[in-house]
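A.B. asks: First the structure, then my questions, so here it is.
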Amino acid sequence: MNLMRLQSGLVGLLLLPLLLACTQEPKEQGYTKDYQTNFTALWTILDEGYCFFDDKLPAAGDTTWSDLKEIYTPLVQRCQSEDEFFDLMVELMCHLKDGHVNLFAPFDVGGWDFRKGARYCLDSRIRNLYLQPHVRRAGSIYYTPITYNGHAADSIGYMVISSFSSSISLTHLHAVFTRLAHCRGLIIDMRSNGGGLLTNADRLASVLIPSDTVVGYMSTKTGPGHQDFGPLKEIKLSRAPISWQRPTVILVDRGTYSAANSLVAYVKGTTRHVLFMGDRTGGGGGLPRSSELPNGWWLRYSSSRMYDAQQHSIEAGIEPHIIQEQTDEATAQQQDALIERAITILLAATK
């Protein structure tokens, strides 16, 4: 199984606000640590509330969610400790291969590693060189015209957004794009952005879209059945007061997930001046909610399905226009292969 153990208590604390920001369901049963009771509660919550069974464990597949209940019931009965039970439940959840399905206990946080098997696209130490020596920061956006590696005369702007956990306001975006207004092209680095606030994706996309438009769709779970969904609802964005329509390359990789994945979907399906480069994004196309188990642990899971402007699911990730990895040669020369290729593309597009 693909099992990701987040061993630091600090990680759990950082994730807790995101967990509590999701739609929550109150605990209906009394408190109990009984393993079988908590297993049944976890299985039932996912059975009735999870939104991607048709994609992950279809009824016609080799193994169904009901099959897994039969398989794991005797394993639960053999559990001798909380830690063993926790690990077993995370193993069960990893069958869904969904980074939004997480179990939060006081001693650990567990879930599926959506980065497994990814191409090597980012050396953070080398990336930081491209922000020097005059980096500015607006909220969680780091930005500068690129001067590193002899690019001072190229007039290419560079933005790094490594997380959507903190709010990015239109004021922040106005400050950034105003100060990069002299640049002929732009690189937006979204590599290893694991998501956060969906409103950040909305605001950044609103600067890049050419006009008010439908950027995607959402379908919400309406009942306990695996096919109980409401109709597709449009996700519409209005173009922001400040707009960037010059040639742009957005760098992505398997760590580009959740709200960052939504940003990719919004922009890729509605613009012509933006290219995406790197690796397929990690996905995370389900809007999460959370429920409490009888033992006080919290279960987070995807409950609403999101689609791009062409009504394609974005749960499994989005392919970039250009596949590009970080190379050994570039690393040896203290260069970022993706940034260097993006600069070449932008210079050619702005001759």
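Numbering (mature numbering (1 follows the signal peptide of the UniProt record, and there is no 0)), first residue to last: -21 to -1, 1 to 330.
No residue lacks a Cβ here, since even glycine has one placed at the ideal position from N, Cα and C.
Helix, strand or coil for proline 220? Go by DSSP, reduced to three states.
C.D. replies: Three-state result, proline 220: coil.
A.B. asks: For the alpha helix (DSSP H) containing aspartate 46, name the first residue and the last one.
C.D. replies: First-last of the alpha helix (DSSP H) with aspartate 46: 44 to 56.
A.B. asks: Who are the Cβ neighbours of tyrosine 236 in its own chain at under 8 Å, not counting the five residues just before and after it?
C.D. replies: Contacts found: Gly78, Phe93, Asn172, Gly173, Gly174, Thr260, Gly261, Gly262 and Gly263.
A.B. asks: If we call anything under 8 Å between Cβ atoms a contact, is arginine 106 one with valine 139?
C.D. replies: It is a contact, given that the beta carbons lie within the stated cut-off.
A.B. asks: Less than 6 Å between C-beta atoms, sequence neighbours within five positions excluded: which residues of the same chain meet that for cysteine 1?
C.D. replies: Interpretation of cysteine 1 is limited by its pLDDT of 48, a score under 50 that renders its predicted location unreliable; the figure taken from the coordinates is listed afterwards. Same-chain partners within the cutoff: Pro267, Arg268 and Ser269.
A.B. asks: Relative to the alpha-carbon of threonine 201, which residue among Tyr14, Gly28, Ala20 and Gly9 has its alpha-carbon at the smallest distance?
C.D. replies: Out of Tyr14, Gly28, Ala20 and Gly9, Gly28 has the C-alpha closest to the C-alpha of threonine 201.
A.B. asks: If you measure between the beta carbons of serine 103 and serine 119, is that distance less than 8 Å?
C.D. replies: Result no, Cβ atoms of serine 103 and serine 119 do not sit closer than 8 Å.
A.B. asks: Given 7 Å as the limit, tell me if glutamate 298 has its C-beta closer than that to any heavy atom belonging to the ligand NAP.
C.D. replies: This structure lacks the ligand NAP, and indeed carries no ligand of any kind.
A.B. asks: On the CB-based measure, 16 or more other CB atoms within 10 Å of its CB, does alanine 76 come out buried or exposed?
C.D. replies: Note that residue 76 is lysine in the sequence shown, not alanine. Counting Cβ neighbours within 10 Å, lysine 76 comes out buried, since at least 16 surround it.
A.B. asks: Assuming alanine 244 and isoleucine 293 form a contact by the criterion Cβ under 8 Å, report the distance between their Cβ atoms to the nearest whole angstrom.
C.D. replies: Contact flag correct, Cβ pair sits at about 5 Å.
A.B. asks: Do the stretch 202 to 217 and the stretch 21 to 39 touch if we need at least three Cβ pairs shorter than 8 Å?
C.D. replies: Output reads yes: the stretch 21 to 39 touches the stretch 202 to 217.
A.B. asks: Ignore the nearest five residues each way along the sequence and tell me which others in leucine 159's own chain have a CB closer than 6 Å to its CB.
C.D. replies: Closer than 6 Å at the Cβ level, and outside the excluded window around leucine 159, lie Gly136.
A.B. asks: Classify aspartate 191 as helix, strand or coil using the three-state DSSP reduction.
C.D. replies: Coil, per DSSP.
A.B. asks: Residues in its own chain within less than 8 Å of glutamine 314 by CB, not counting five upstream and five downstream?
C.D. replies: Answer for glutamine 314: Ile105 and Asn128, listed in chain order.
A.B. asks: Looking at isoleucine 188: is its Cβ nearer than 8 Å to the Cβ of arginine 218?
C.D. replies: Against a cut-off of 8 Å, the Cβ pair of arginine 218 and isoleucine 188 comes out as a contact.
A.B. asks: Identify whether proline 122 lies in helix, strand or coil by the three-state DSSP scheme.
C.D. replies: Correcting the residue type first, residue 122 is tyrosine in the shown sequence and not proline. Tyrosine 122: strand per DSSP, three-state reduction.
A.B. asks: Give me, in chain order, the residues of the same chain whose beta-carbon lies closer than 8 Å to that of lysine 35; leave out the 5 immediate sequence neighbours on both sides.
C.D. replies: These residues qualify, in order along the chain: His74, Leu75, Lys76 and Asp77.
A.B. asks: Report the rounded CA-to-CA distance for valine 98 versus aspartate 232, giving the unit in angstroms.
C.D. replies: The identity of residue 98 in the sequence shown is arginine, whereas the question assumes valine. If you take the alpha carbons of arginine 98 and aspartate 232, they lie about 8 Å apart.
A.B. asks: Jot down the residue ranges of each uninterrupted beta strand (DSSP E) in the stretch 203 to 291, minimum 3 residues, whole runs only, in chain order.
C.D. replies: DSSP runs (the beta strand (DSSP E)) wholly in the stretch 203 to 291: 212 to 216, 227 to 231, 253 to 257, 265 to 271 and 277 to 287.
A.B. asks: What is the rounded straight-line gap between the Cα of leucine 152 and the Cα of leucine 242?
C.D. replies: Cα to Cα, the separation comes out at about 15 Å.
A.B. asks: By how many angstroms is the C-alpha of leucine 176 removed from the C-alpha of lysine 215?
C.D. replies: Roughly 17 Å separates the two Cα atoms.
A.B. asks: For asparagine 179 and leucine 54, what's the separation of their Cα atoms in angstroms?
C.D. replies: C-alpha separation (whole angstroms): 42 Å.
A.B. asks: Using 8 Å as the threshold, is the stretch 251 to 258 in touch with the stretch 291 to 306, meaning 3 or more CB pairs across them?
C.D. replies: Yes, the stretch 251 to 258 is in contact with the stretch 291 to 306.
A.B. asks: For isoleucine 322, tell me which candidate among Ile50, Ala117 and Ser134 has the shortest Cα-Cα distance.
C.D. replies: The option with the nearest alpha carbon to isoleucine 322 is Ser134.
A.B. asks: Hey, could you find the ends of the alpha helix (DSSP H) leucine 80 is sitting in?
C.D. replies: The residue you asked about is not leucine; residue 80 is valine in the sequence shown. Unbroken run through valine 80: none, as it is neither H nor E.
A.B. asks: Which class does arginine 116 belong to by DSSP, given the choice of helix, strand or coil?
C.D. replies: Strand at arginine 116.
A.B. asks: Please go through the same chain and pick out, in chain order, the residues whose beta-carbon is closer than 7 Å to the beta-carbon of serine 283, but skip the five residues on each side of it.
C.D. replies: Here the set comprises Cys30, Met197, Ser198, Thr199, Lys200, Gly265 and Leu266.
A.B. asks: Just verifying my parser: in three-state terms, what is the DSSP assignment at glycine 129?
C.D. replies: Helix, per DSSP.
A.B. asks: Using the beta-carbon count (16 or more within 10 Å), is threonine 150 buried or exposed?
C.D. replies: By the 10 Å Cβ count, threonine 150 comes out exposed.
A.B. asks: Are at least three pairs of beta-carbons, each pair with one atom in the stretch 269 to 281 and one in the stretch 10 to 24, less than 8 Å apart?
C.D. replies: Yes: at least three Cβ pairs fall under 8 Å.
A.B. asks: Just the Cα atoms here: how many angstroms apart are isoleucine 125 and histidine 113?
C.D. replies: Those two C-alpha atoms are separated by around 9 Å.
A.B. asks: Can phenylalanine 64 and tyrosine 14 be called in contact, C-beta distance under 8 Å?
C.D. replies: Yes. Within cutoff.
A.B. asks: Roughly how many angstroms separate the alpha carbons of glutamine 290 and isoleucine 297, rounded to a whole number?
C.D. replies: Each residue's alpha carbon lies about 13 Å from the other.
A.B. asks: Can you give the Cα-Cα distance for glutamine 111 and valine 186, rounded to whole angstroms?
C.D. replies: Straight-line Cα distance between these residues: approximately 25 Å.
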